[in-house]
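Some notes on the structure that comes next.
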Amino acid sequence: MKLRLMMMLAVGFALSTAAWADGDATRGKTLAYTCHGCHGIPNYKNVSPIYSVPKLGGQQAKYMIAALKEYADGDRVHPTMHAQAVSNSEQDRADIAAFFQGSNPVNSQVIGTPPTAVQVCVACHGNNGVGISSRYPTLAGQHADYIAQAIKDYKSGKRKNPTMSAQAAVVKDEDIPAITAFFSKQKTLCSTDEIRDNDGKCK
Ligand code: HEC
Ligand code: HEC
Numbered sequence: 182m183k184l185r186l187m188m189m190l191a192v193g194f195a196l197s198t199a200a201w202a203d204g205d206a207t208r209g210k211t212l213a214y215t216c217h218g219c220h221g222i223p224n225y226k227n228v229s230p231i232y233s234v235p236k237l238g239g240q241q242a243k244y245m246i247a248a249l250k251e252y253a254d255g256d257r258v259h260p261t262m263h264a265q266a267v268s269n270s271e272q273d274r275a276d277i278a279a280f281f282q283g284s285n286p287v288n289s290q291v292i293g294t295p296p297t298a299v300q301v302c303v304a305c306h307g308n309n310g311v312g313i314s315s316r317y318p319t320l321a322g323q324h325a326d327y328i329a330q331a332i333k334d335y336k337s338g339k340r341k342n343p344t345m346s347a348q349a350a351v352v353k354d355e356d357i358p359a360i361t362a363f364f365s366k367q368k369t370l371c372s373t374d375e376i377r378d379n380d381g382k383c384k
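Under the numbering used here, the letters of the sequence shown match residues 182 to 384, in that order.
See below:
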């Protein structure tokens, strides 16, 4: 009787983990097989312009779902990612995002002194670069050159998001190195290979 109850609890726990962010992380792991080819390779670069392929391990699920939909619909223009995302269903996106978000414990430590220029950013991206809710991308541990490219793309209008376009418009070019240095040295994000190899956790 006791054993049976324990087994039921174990099954219940497995189901609730799999249903993380309304996505099935186990199915997501299978769907994400091809993604590791770029997102799993340390310091792999986008060509023209050259910048690091973003880390996705530990990234916020709702943000990733929105990003994948934007690539698929062409609202976020990137031919390679369009090709990756175009055939995904809504369920596929939720499952992939659940797998990449993983089950990282929330890291609340702030490393170093935040420069003045990030004071406005932390309202949404968190004091330590971990998005305050699943809609806000985590910047902690992201490649500095990718963060810089994203700010540039919001400024130029290549990336369109009313909230971030307004934020990026007032970021001074000379403040970008301090902003990217601060967020990239915080801890949270990792490569997709780390998420796969560490059972849903960044190291
Ligand atoms: C051939 C290389 C390549 C492959 C394979 C690839 N990606 Fe990407 N991915 C990129 C690049 C480069 C970017 C940055 C594009 C940009 O600047 O918008 C990116 C960006 C993303 C982003 C946005 C991240 C952010 O922080 O905004 C997501 C989400 C994403 N990829 C998911 C996936 C998924 C899911 C797969 C597998 C189905 C995949 N990618 C496969 C190269 C790749
Ligand atoms: C009011 C909330 C808010 C504030 C304040 C804010 N952001 Fe954002 N940020 C967002 C949202 C929402 C997104 C996702 C937009 C999208 O889907 O493209 C985002 C996306 C980003 C991205 C892209 C992340 C990725 O993975 O591609 C970067 C980089 C970024 N913000 C940097 C900053 C910086 C630097 C500041 C401060 C100068 C800042 N943000 C202030 C809400 C905010």
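Cβ atoms here follow ideal geometry from the backbone N, Cα and C, with glycine treated the same way.
In terms of residue numbering, what span does the alpha helix (DSSP H) encompassing residue i cover?
{"i": "Ile-419", "result": "With the chain running from 182 to 384 in the structure shown, residue 419 is simply not present."}
{"i": "Thr-373", "result": "373-378"}
May I ask you to report which of helix, strand or coil DSSP gives residue i?
{"i": "Cys-383", "result": "coil"}
{"i": "Cys-302", "result": "coil"}
{"i": "Thr-297", "result": "helix"}
{"i": "Asp-205", "result": "coil"}
{"i": "Ala-321", "result": "coil"}
Counting contacts by CB-CB distance shorter than 8 Å, is residue i in contact with chain D?
{"i": "Ser-337", "result": "Absence of chain D from the displayed structure is noted, only one protein chain being present."}
Which residues in the same chain as residue i place their Cβ atom closer than 6 Å to its Cβ, once the five residues preceding and following it in sequence are excluded?
{"i": "Val-267", "result": "Ala-253"}
{"i": "Ala-213", "result": "Ile-277, Phe-280"}
Does the Cβ of residue i have 16 or more other Cβ atoms within 10 Å, making it buried, or fewer, making it exposed?
{"i": "Asn-224", "result": "exposed"}
{"i": "Gly-338", "result": "exposed"}
{"i": "Thr-361", "result": "buried"}
{"i": "Ala-349", "result": "buried"}
{"i": "Ile-222", "result": "exposed"}
{"i": "Pro-318", "result": "buried"}
{"i": "Lys-384", "result": "exposed"}
Cutting at 7 Å between CB atoms, please list the residues of its own chain near residue i, excluding the five before and the five after it.
{"i": "Arg-340", "result": "Arg-257, Ala-331, Asp-334"}
{"i": "Leu-186", "result": "Legend: pLDDT at Leu-186 = 45, less than 50; position of this residue unreliable, no value from coordinates given."}
{"i": "Tyr-165", "result": "The chain is shown only over 182 to 384; residue 165 falls outside these bounds and no answer can be derived."}
{"i": "Cys-219", "result": "Tyr-225, Val-234"}
What residues in its chain sit with their C-beta under 8 Å from that of residue i, if we drop five residues either side in the sequence?
{"i": "Asn-342", "result": "Tyr-335"}
Counting only runs of 4+ residues fully inside the region 209-293, write out the alpha helix (DSSP H) ranges in chain order. 217-220, 242-254, 260-266, 271-282
Report the start-end ranges of each beta strand (DSSP E) in the region 328-365 that is 3 residues or longer and not cut off at the edges. none
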